[in-house]
Amino acid sequence: MAVVFDKPHALADVPLHYCPGCTHGIVHRLVAEVIDELGIEGRTIGVAPVGCSVMAYDYFNCDMIEAAHGRAPAVATGVKRSDPENIVFTYQGDGDLASIGMAETVHSAARNENITIIFINNAIYGMTGGQMAPTSLPGQVTQTSPYGRDTSLCGFPIKVCEMLSQLDGPEYLERVAVNNVKNVKNAKKAIKKAFENQVNGKGFSLVEVISSCPTNWGMTPKKALEWIDEKMIPYYPLGVYKDRSAEK
256 MAVVFDKPHA LADVPLHYCP GCTHGIVHRL VAEVIDELGI EGRTIGVAPV GCSVMAYDYF
316 NCDMIEAAHG RAPAVATGVK RSDPENIVFT YQGDGDLASI GMAETVHSAA RNENITIIFI
376 NNAIYGMTGG QMAPTSLPGQ VTQTSPYGRD TSLCGFPIKV CEMLSQLDGP EYLERVAVNN
436 VKNVKNAKKA IKKAFENQVN GKGFSLVEVI SSCPTNWGMT PKKALEWIDE KMIPYYPLGV
496 YKDRSAEK
């Protein structure tokens, strides 16, 4: 009997630590599927920083490096430059990438480093208990904004793809979501393109994934997926924000 669906080899056969309904597991699988399809597991190195993805080294069968909070793009740059044949990706949350690691993100994009960044945007600090993140929506209730994010005090959320698209350096920027089958399929295409860009030496690619956090949003998993459609995607529109190959 032919096997039509199986666990990717690049994804370790271990239980995930993520909360019920969290979509990190979906994105992990998509990354692993792409690694398998491109046949690059033996030369792929992932970089996991601090955040919900802190234990990603347990979940991928490729080599993994643990980076200090926010420093994954800098670590990835060093790994890639030391041996350009490596395929190097970072897997980062919004608190890590868009707050303490913002400088590393911006400058690696400006230099068009030939790395791939998978950026999980769930609009909250997940691992540390649900504090307001740089991407938390206006009015969003969090542990540190119990009356909702007040933009007059805290400013507006940072739209990473829109911001980086103003730089000359990046090769490819796309925002996707994983809250329904159609969006998951589009996310897979974007992640594969981001890795293919690196394989082909094109430069910096970032895929922003709108993701759910039922625990810290205080919602059921089903409601959290609906909230992505109702609140997050209207504020963070999906689509390609930069693709230099398409511009030529």
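For the sequence shown, my numbering begins at 256 and goes up steadily by one. Glycine included, every Cβ here is placed at the ideal spot set by N, Cα and C. Nothing here was measured: the structure is a model prediction, and the numbers come from that model.
Look up residue 256 in the DSSP assignment and say whether it is helix, strand or coil.
In the structure shown, residue 256 falls within a coil segment according to DSSP collapsed to helix, strand and coil.
Reference residue 415, options 372, 313, 333, closest by Cα:
Taking residue 415 as reference, the option from 372, 313, 333 with the minimal CA-CA separation is 372.
Among 347, 284, 377, the one whose alpha carbon lies nearest that of residue 472
Of the listed residues, the one whose Cα sits closest to residue 472 is 377.
Does the ligand PLP have a heavy atom nearer than 8 Å to the CB of residue 466?
This structure lacks the ligand PLP; in fact it carries no ligand of any kind.
Spatial neighbours of residue 288 in its chain, beta-carbon cut-off 6 Å, leaving aside the 5 residues before and after:
Counting only Cβ-Cβ distances below 6 Å, and skipping sequence neighbours, we find 263.
Alpha carbon to alpha carbon, what distance is there between residue 476 and residue 343?
Going from the Cα of residue 343 to the Cα of residue 476 covers about 32 Å.
Please go through the same chain and pick out, in chain order, the residues whose beta-carbon is closer than 7 Å to the beta-carbon of residue 426, but skip the five residues on each side of it.
If we look at residue 426 and ignore the five residues flanking it on each side, its Cβ neighbours are 367, 452, 457, 458, 459, 460, 499.
Residues in its own chain within less than 7 Å of residue 285 by CB, not counting five upstream and five downstream?
Around residue 285, the same chain offers 442, 443, 446 as residues with beta carbons nearer than 7 Å, after the five sequence neighbours per side are excluded.
Let me make sure I understand the geometry here. Which of 328, 283, 483 has the alpha-carbon closest to that of residue 313?
From the listed residues 328, 283, 483, the smallest Cα separation to residue 313 is found for 283.
How many angstroms separate the CA atom of residue 462 from the CA atom of residue 449?
One C-alpha to the other measures close to 7 Å.
Rounded Cβ spacing between residue 397 and residue 413 (contact assumed at less than 8 Å):
That belief does not hold up - the Cβ atoms of residue 397 and residue 413 are roughly 15 Å apart, past 8 Å.
Evaluate contact between the segment 425-440 and the segment 328-340, counting only Cβ atoms and requiring at least three cross-stretch pairs below 8 Å.
No: the two stretches stay apart, fewer than three of their Cβ pairs being nearer than 8 Å.
Taking one C-beta from the segment 296-311 and one from the segment 476-493 each time, how about it: are there three or more such pairs within less than 8 Å?
By the criterion of at least three beta-carbon pairs nearer than 8 Å, the segment 296-311 is not in contact with the segment 476-493.
Bridge-paired residues (DSSP) for residue 206
Examination of residue 206 is not possible in this model, given that the chain is present from 256 through 503 alone.
For the alpha helix (DSSP H) that residue 291 lies in, which residues bound it at each end?
Element bounds for residue 291: 279-293.
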